[in-house]
Every structure is written in structure tokens, then in C-alpha cells.
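Report on one structure; see the data block that follows.
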Amino acid sequence: MKAAPLCVLAGALILSVLGSVAAEEGSPTKASESKADENHEAQLARMRALSQARRWKEQIEQFGPVDFAAWPADQAAAALQLRGQAYTFLKDGGHAKTDLTNAVKLAPQDSVIWLTLAENSLNNLQDDEQALAAYRKVLALTGPGIGWQPMTAANAIARILTDQVKTDEALETLKPWGDLQTLAQTWRIRMLRTYGHIYAARGEEQRSLACFREALRLEAQP
Amino acid sequence: MMKLAALLVALAGAFPAFAAPTPFQAGTARVEITPTAESAVNLSGQPVVLRDPLYARVLVLKDEHCSLAIVSVDLIVFASEKVVTEAKARWGVDHVLLCATHTHAGMAPRGLYIHPPESPDWTRSGRAPAETIDWPGLSADPWYAAVEEKVIGAIGEAMQSLFPARLVSGKGPFESAYMAHNRRLVRPEGGVTALWENPDRRPTTPVDPTIGVLRVEDLAGRPRALAVQFACHPVALMEAGVISRDYPGAMVDYVEQQLGRDCLGMFLQGASGDLDPFDLHNLRGENRFNISHQAGVSLGKAALALSAGLKTNPAPAGSSLQVQESLLTIPNRSGNRSTQVGILTALINRDLALVAIPGEPFVQHQLDLTAKSPIANTFIMGLAYHGKGTPFVVYIPTVQAVKEGGYGAAECSFLAADAGEQMIGEAVARLRDFATADRSTR
């Protein structure tokens with residue numbers, strides 16, 4: 000897709016602002032809804048900025064008490080995901096679970112929310128089964144691609160299955176990525192280490208060592 | 000006829016060069032020392048569940064002049080003067096060596112609990128454990144007292160079941176996906192970072208990727224004992240809420256499965272003071288137990304492969320067991336006290352040397368000993384107590400490591416910085432004495 004020229008974007012923005020002003024003048028209900036939407040968008044923008052800056056504590060201080068139930072579904076889902084993410088990083092697994100579970104109800108096709116839910120289940124709640132289910136949902140939504148979401152999910156599923164000594168299933172999970180040649184270096188290294196741990200759990204030492212060594216070799220490359 | 004026989008015997012005594020070679024005598028025994036499910040606790044005194052049974056395994060070696068009982072016990076440390084003294088008195092064994100496998104998931108007697116503030120960490124006090132722990136008083140714990148009796152009994156069982164034996168020993172490389180790495184990461188800018196686990200298998204130094212084996216056969220060639228020396232902390236199941244032998248247990252189980260229950264598998268912990276398995280805190284769920292098991296199987300396979308390549312001499316020139324117990328007086332690092340440290344040095348059949356040290360030497364000491372020893376197969380046995388000197392000296396770093404600092408060097412270590420070097424020096428001197436005496440005898 001070609002990028003729109005700046006003048007077109009500026010024009011659209013002006014029209015948008017004008018449109019919202021006109022709507023405000025035309026209907027009091029719509030006007031207040033629109034103002035609320037703007038307010039929500041502004042709050043979401045602030046939440047996103049805090050999230051990008053990894054200022055999790057401030058996120059919770061500012062938005063912890065906010066009730067997103069009255070927000071439009073898409074905005075509420077995004078807000079719940081951002082707050083849930085902050086709770087996740089602050090190791091408050093219970094609050095994170097509540098927010099993220101509500102978020103996936105509002106946006107069940109949003110793989111980012113499922114991924115955050117999975118990470119919280121795994122790292123904070125030590126609930127392997129819930130984490131597995133959520134990571135599998137991510138894979139189902141994204142397909143076995145080479146982006147960060149499917150790669151994170153696939154590695155995590157394989158690691159959990161290895162923890163459970165279900166190594167056949169772990170290997171099966173990684174099968175779609177074949178010999179890893181198409182992966183970006185970072186993911187290839189991470190995947191090799193996941194394989195290394197699976198083979199170690201299976202008692203296949205030479206294969207395990209070969210994976211770990213290949214990961215170290217790749218890591219040493221500029 | 001009787002006179003002729005008597006004459007032949009007399010001649011054989013007078014001219015040893017013409018005498019039939021006298022084989023070694025060997026005896027083995029194993030006894031379970033697992034606590035009851037109700038009494039099982041870890042080193043913090045917290046209740047834990049039984050995962051696999053704990054044992055004491057005994058191998059007695061005896062030549063014409065001398066006998067040595069080596070006991071491998073599935074505990075973090077086992078230094079019972081009572082066992083040494085009573086086994087010697089009851090069974091006439093000359094030397095008794097109590098070696099802990101050092102499993103960190105073993106049972107602990109009450110007197111060793113570490114549960115601050117009421118039971119401070121005696122390993123970190125900077126004082127000799129002999130000052131902070133009442134070692135003879137450990138027998139006040141009924142389980143421990145029973146273990147002592149069982150071990151004394153097992154030594155007796157081994158002494159009473161001696162059979163003519165051939166011995167062969169060797170060492171070989173051990174490349175493993177599970178262990179071991181050096182857990183002290185010395186930073187270029189100074190200081191040491193504790194590298195408790197190394198899940199990416201990054202190379203570390205120093206390490207000693209070798210194993211040693213001692214195989215005992217009866218005269219029909221049947222394997223009766225396989226002792227495996229390797230250095231790595233058995234810590235994968237520490238604080239896992241279980242009683243377990245960790246990887247040494249899986250190793251002996253594997254060896255005994257392969258060679259038969261008549262063959263005693265035995266683990267001898269080496270200079271593991273700064274060595275850990277690759278996976279530790281990164282292990283979760285059932286895989287924690289699985290990896291510990293796989294590590295033991297890996298070690299067992301390597302030991303069997305090494306052993307298979309070692310051929311016993313069907314007509315050995317005669318057996319020889321030389322043992323020397325030394326007592327070193329080593330200053331403590333702080334204050335003006337000193338500690339008496341017992342070192343037992345043994346030379347078996349002129350080609351296997353064992354150096355028993357009652358603590359946790361850093362692996363560099365093994366490398367130095369290998370370089371300096373006149374005997375090709377010379378192994379440190381860590382956590383090994385023979386009844387003389389202090390029961391346990393915790394970590395034995397190198398002078399260099401003390402300068403660098405870090406766990407095991409600046410803490411949990413109370414002897415003078417060069418204590419390890421002194422111990423190795425003593426062992427090498429004794430081994431040279433053995434070699435000199437052997438040459439003059441021959």
C-alpha cells in the first residue's frame with residue numbers, strides 16, 4: 000500500500016475535526032458520545048504511551064480505578080489489555096487475569112490480548128494449562144508465521160510441553176517451522192535453544208548439544 | 000606328601016617372585032537409609048516427600064597388608080567419627096572413608112538444619128563447622144543414629160563377603176548435555192557473578208570434562224562393582240520438596256540395570272566446589288526430575304563405555320593397596336586459630352590414586368593434581384572423611400579464587416586461602432612416596 004500524501008492526511012484530519020464539531024452541533028447525545036470517545040481515545044493514547052515507556056506502576060496508578068465497562072467494546076478491550084499488561088509486568092497475576100479475560104471476551108480475535116493472557120498465566124499464575132490454551136489460541140489466530148506472536152507462542156508451547164516431559168508434542172508444535180532456515184536470526188537462535196532443551200529432556204544428548212552449539216555460533220556472528 | 004606341600008609353601012614365602020600372584024580381595028554391600036515418610040525433612044527442617052530411596056554403598060578393597068572401606072552415602076555430608084571408629088574396631092578394617100554424594104535433596108539430621116534466625120546458616124558463618132555444629136551430637140537424631148548403625152553393619156557385611164578380585168581403572172572424556180559448568184563468572188572488571196545455571200550451555204572455565212572409573216571383577220570376569228568419579232553439584236532437586244539422590248542415584252541405578260544387581264554401582268563426588276549442572280532454576284514441572292534422571296543416565300552410559308574399553312590383566316603381577324592418612328594443620332583465614340584437616344591418599348594397583356578431602360574443593364585443584372601427580376589416574380574425592388581431623392571444611396577455593404571473591408571463595412570458606420594448594424601438595428608428596436617405595440620394593 001502506498002503512503003497517503005501528507006496534504007491528503009491533513010485534509011482528512013480537518014474534515015474529521017469539522018465533522019465532529021458538526022455532529023456536536025447537530026445532536027446533543029451524539030455530541031456527548033463523541034466527546035466521550037475523544038476522551039477515551041485520549042486516555043488510550045496516554046495508556047499506550049505509558050506502556051511503551053514501560054511505566055507500569057504509573058499505568059496502574061492512573062488507570063487502576065477506571066471502569067472500562069462503559070467504554071465502546073474496541074476501546075475497552077484495548078484499555079483492558081494495556082492495564083492487564085501493566086499488572087502482568089508488576090507480577091499482579093490476579094488483577095491481570097481479570098482484565099485480560101474481560102478483554103478477550105470483547106475482542107476474541109485479538110491475538111495480542113491472548114498472548115498477554117498466556118504470559119500472565121505462565122509467569123505469574125504458574126497455570127500451565129491456561130497458558131497452553133491461550134498460546135494455542137494465538138497460534139490459531141496467527142497461523143504458523145514468522146512474526147513475533149506465533150514465534151513467541153510456539154516456543155512457549157514447546158517449553159511448557161517439555162516441562163511436562165511431553166516431548167513428542169513439543170516437537171510436533173515446532174514442525175511447521177521446518178529446519179528454521181527462513182527465520183530471523185533472533186528467532187532461529189531461540190528456536191534452536193528450545194529444540195536443545197527438548198532433546199535434552201528426551202535423552203538425545205548429541206542432538207541437544209548440536210542445537211545449543213549452533214545457537215552459540217549464530218549468536219557470535221555479527 | 001604333606002612335607003612336600005609344606006616345603007612348597009615355605010619356598011613360596013621365601014621367594015615372592017615365584018609365588019602365585021595374590022589377588023585383591025573385594026567386598027560389597029548396600030543398605031537403604033531412607034527416612035520414613037513421616038520424618039522426611041530437608042536441610043531447612045521442612046517436611047518433604049520421598050521421591051527415591053537413599054542408600055549407603057560400601058566397597059571394601061583388601062590386599063595382603065591393608066584394607067580400605069569406601070562408603071558412598073546419599074547425603075549432603077556424612078562425617079561420622081563413630082562409624083569410622085566402630086567399623087575399624089568391629090570388623091578390623093584398616094581405613095574407612097565416608098564419602099557423601101552431596102545430593103542437596105537428601106535427608107538432614109536435626110543438628111544440621113539451616114533455618115534462620117533460630118538455626119543460622121553454619122556454612123556461611125566464617126567459622127569452622129566443627130565450632131558451630133556438634134558433629135558427634137548429630138546421633139541424637141534417631142534417623143541419623145540408625146544410619147550410623149546401618150553403615151557400620153554394611154561395612155561388616157562387605158568385610159565378611161570378600162572375594163578374590165581383579166581391579167581395573169581408567170579415566171576418559173565426558174561430554175554431556177547436562178553437566179557441568181563453572182558457576183563462578185569472573186567479570187573482566189573484577190568481581191564474580193554467580194552463574195547458578197547455564198541453560199544456553201555457554202562455555203565456562205575451569206571445568207574438568209572427564210570421568211574416572213574403578214571396575215572390580217571376580218576371577219570369573221563378572222563385574223562386581225563399578226565406582227564412578229565425577230565432579231558436579233547434585234543440586235537440580237534442591238528445594239523441590241523431595242528426598243532424592245539426584246543424578247548420582249540415576250547413575251547407579253542405570254549401571255546396576257546394565258551390569259546386574261550383583262554389581263554394585265557407586266558414585267564418588269569429585270572436586271565439585273564450583274561446578275553446577277547446566278539446568279537448575281530454569282527447570283520446571285516434571286522435567287526437573289527428568290533432567291536429573293537423564294543426567295545420571297548420561298553419566299552411567301559414559302562410565303560403562305569407558306569401562307568396556309578397560310581390560311583387566313588376567314594374571315596381574317600382584318595386588319597392591321597403599322594408604323596414607325595425613326593430618327595437616329591449616330590456619331583459619333581470619334583470627335589466630337587453625338584447623339586440623341585429614342587427607343587420605345590411596346594408591347591402588349599402582350595405577351589408580353584417590354585423594355580424599357573432607358570438603359568441597361574447587362575443580363582447579365583436580366586439574367592441578369592431575370598435572371602434578373605421578374599417577375595417571377588420580378582423582379579427588381570430595382566430601383570424604385576418614386575419621387581424623389575436622390569433619391567438614393565446606394568450600395576449598397584456590398588462592399586466585401579467594402582474590403576474585405564470590406560464593407565458595409569469599410564466603411562459605413574459612414580456611415587460609417592456600418588450604419587447597421596445601422592439601423594437593425600433601426597428596427602429591429604422598430603419591431611420590433608410594434611410587435618411590437614401590438620402585439625400591441620391586
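Residue numbers (numbering that gives the first Met the number 0), protein chains in the order written: chain A, 0 to 221; chain B, 0 to 441. Ideal placement from N, C-alpha and C gives every residue a C-beta, glycine not left out. Owing to the predicted nature of the structure, the values given are computational and were not obtained by experimental measurement.
Through-space distance from residue j to residue i, alpha-carbon basis
| i | j | result |
| --- | --- | --- |
| residue 24/A | residue 70/A | Residue confidence for residue 24/A is low, a pLDDT of 40 falling below 50, so the modelled location carries little weight; the figure read from the coordinates is stated next. In a straight line, the C-alpha of residue 24/A is about 22 Å away from that of residue 70/A. |
| residue 129/B | residue 424/B | 24 Å |
| residue 83/B | residue 211/A | 46 Å |
| residue 61/B | residue 380/B | 19 Å |
| residue 256/B | residue 166/B | 21 Å |
| residue 157/B | residue 28/B | 5 Å |
| residue 99/B | residue 435/B | 32 Å |
| residue 72/A | residue 102/A | 9 Å |
| residue 20/A | residue 37/A | For residue 20/A, the predicted structure reports a pLDDT of 33, less than 50, and the residue's modelled location is therefore unreliable. The matter cannot be settled from this model. |
| residue 327/B | residue 265/B | 28 Å |
| residue 154/A | residue 189/A | 8 Å |
| residue 119/A | residue 151/A | 14 Å |
| residue 111/A | residue 185/A | 20 Å |
| residue 205/A | residue 200/B | 13 Å |
| residue 199/A | residue 301/B | 16 Å |
| residue 63/A | residue 100/A | 16 Å |
| residue 41/B | residue 267/B | 22 Å |
| residue 223/B | residue 371/B | 31 Å |
| residue 187/B | residue 181/B | 16 Å |
| residue 169/A | residue 51/B | 27 Å |
| residue 33/B | residue 151/B | 16 Å |
| residue 148/B | residue 85/B | 9 Å |
Under 8 Å between C-beta atoms of residue i and residue j
| i | j | result |
| --- | --- | --- |
| residue 357/B | residue 388/B | yes |
| residue 53/B | residue 70/B | no |
| residue 230/B | residue 245/B | no |
| residue 298/B | residue 250/B | yes |
| residue 222/A | residue 98/A | Only positions 0 to 221 of chain A appear in this structure, which leaves residue 222/A out of reach. |
| residue 159/A | residue 127/A | yes |
| residue 116/B | residue 137/B | no |
| residue 133/B | residue 105/B | no |
| residue 105/A | residue 75/A | yes |
| residue 346/B | residue 430/B | yes |
| residue 392/B | residue 414/B | yes |
| residue 72/B | residue 242/B | no |
| residue 85/A | residue 42/A | no |
| residue 342/B | residue 355/B | yes |
| residue 44/B | residue 112/B | yes |
| residue 233/B | residue 102/B | yes |
| residue 165/A | residue 124/A | no |
| residue 183/B | residue 405/B | yes |
| residue 280/B | residue 196/B | yes |
| residue 138/A | residue 157/A | no |
| residue 87/B | residue 135/B | no |
| residue 95/B | residue 164/B | no |
| residue 143/A | residue 113/A | no |
Anticipated Cβ contact below 8 Å, residue i with residue j, distance rounded
| i | j | result |
| --- | --- | --- |
| residue 162/B | residue 68/B | Not a contact, Cβ separation roughly 15 Å. |
| residue 30/B | residue 59/B | With 8 Å as the limit, residue 30/B and residue 59/B do not qualify as a contact, their Cβ atoms being about 14 Å apart. |
| residue 269/B | residue 394/B | Residue 269/B to residue 394/B, Cβ: 14 Å. No contact. |
| residue 437/B | residue 349/B | 6 Å |
| residue 416/B | residue 427/B | Incorrect: roughly 19 Å between the Cβ atoms, too far for contact. |
| residue 182/A | residue 213/A | At roughly 13 Å, the Cβ-Cβ gap does not stay under 8 Å, so residue 182/A and residue 213/A are not in contact. |
| residue 203/B | residue 194/B | 7 Å |
Residue i CB to nearest heavy atom of the ligand PLP below 7 Å
| i | result |
| --- | --- |
| residue 177/B | Here there are no bound small molecules, and the ligand PLP is not part of this structure. |
- Message: Please list, in chain order, the residues of the region 285-308 of chain B that have any C-beta partner in chain A closer than 7 Å.
- Response: Flagged, chain order: 285, 286, 289, 290, 293, 296, 297.
- What residues in the region 183-214 of chain B bring their beta carbon closer than 7 Å to a beta carbon of chain A? Residues 199, 200, 201.
- Could you name each continuous alpha helix (DSSP H) segment of 4 residues or more that falls completely within the region 373-408 of chain B, going from the start of the chain to the end? Runs of alpha helix (DSSP H) with 4 or more residues, each lying fully within the region 373-408 of chain B, are found at 398-403, listed in chain order.
- Scan the region 233-263 of chain B for residues whose Cβ lies nearer than 8 Å to a Cβ of chain A and list them as they occur along the chain. Using a CB distance below 8 Å, no part of the region 233-263 of chain B faces chain A.
- Compile a chain-ordered list of the residues in the region 162-183 of chain A whose CB is closer than 7 Å to at least one CB of chain B. Identification of residues in the region 162-183 of chain A having a C-beta nearer than 7 Å to some C-beta of chain B yields 162, 163, 164, given in sequence order.
- Item | Complete runs of the beta strand (DSSP E) confined to the region 81-144 of chain B [at least 3 residues] | Taken in chain order, the complete beta strand (DSSP E) segments of 3 residues or longer contained in the region 81-144 of chain B are 94-99.
- Message: My parser needs the beta strand (DSSP E) runs of 3 or more residues fully inside the region 156-241 of chain B; what are they?
- Response: Counting only runs that start and end inside the region 156-241 of chain B, the beta strand (DSSP E) elements of at least 3 residues fall at 162-172, 178-181, 183-185, 191-193, 209-217, 222-229.
- Query: Using a Cβ cut-off of 7 Å, which residues of the region 197-213 of chain A contact any Cβ in chain B, in chain order?
  - Reply: Answer set for the region 197-213 of chain A: 199, 200, 202, 204, 207, 208, 211.
- Query: Of all the beta strand (DSSP E) runs that stay within the bounds of the region 297-379 of chain B, which reach a length of 3 or more residues?
  - Reply: Whole beta strand (DSSP E) segments, 3+ residues: 320-330, 337-347, 351-355.
- Message: Quick check on the DSSP output: what are the complete beta strand (DSSP E) runs of length 3 or more inside the region 69-103 of chain A, in order along the chain?
- Response: Taking 3 residues as the minimum length, the region 69-103 of chain A contains no beta strand (DSSP E) run wholly inside it.
- Message: Against chain A, which members of the region 147-177 of chain B pass a CB distance test of less than 8 Å?
- Response: For the region 147-177 of chain B, the set of residues with a beta-carbon nearer than 8 Å to any beta-carbon of chain A comprises 174, 175, 176, 177, in chain order.
- Could I get the ranges of all uninterrupted alpha helix (DSSP H) runs contained in the region 20-91 of chain B, with 4 residues as the minimum, in chain order? Runs of the alpha helix (DSSP H) inside the region 20-91 of chain B: 80-90.
- Between the region 61-92 of chain A and chain B, which residues of the former have CB atoms less than 9 Å from a CB of the latter, in chain order? Residues are counted here when their Cβ sits less than 9 Å from a Cβ of chain B; for the region 61-92 of chain A the count is zero.
- Query: Got a sec: which bits of the region 46-74 of chain B sit with their beta carbon under 7 Å from any beta carbon on chain A, in order along the chain?
  - Reply: The residues in question: there are none.
- Message: Residues of the region 267-285 of chain B in Cβ contact with chain A at a cutoff of 7 Å, in chain order, please.
- Response: Cβ proximity to chain A below 7 Å picks out 283, 284, 285 from the region 267-285 of chain B.
- Interface residues of the region 106-128 of chain A facing chain B [CB-CB below 8 Å]: Residues of the region 106-128 of chain A with a C-beta atom less than 8 Å from some C-beta of chain B are 127, listed in chain order.
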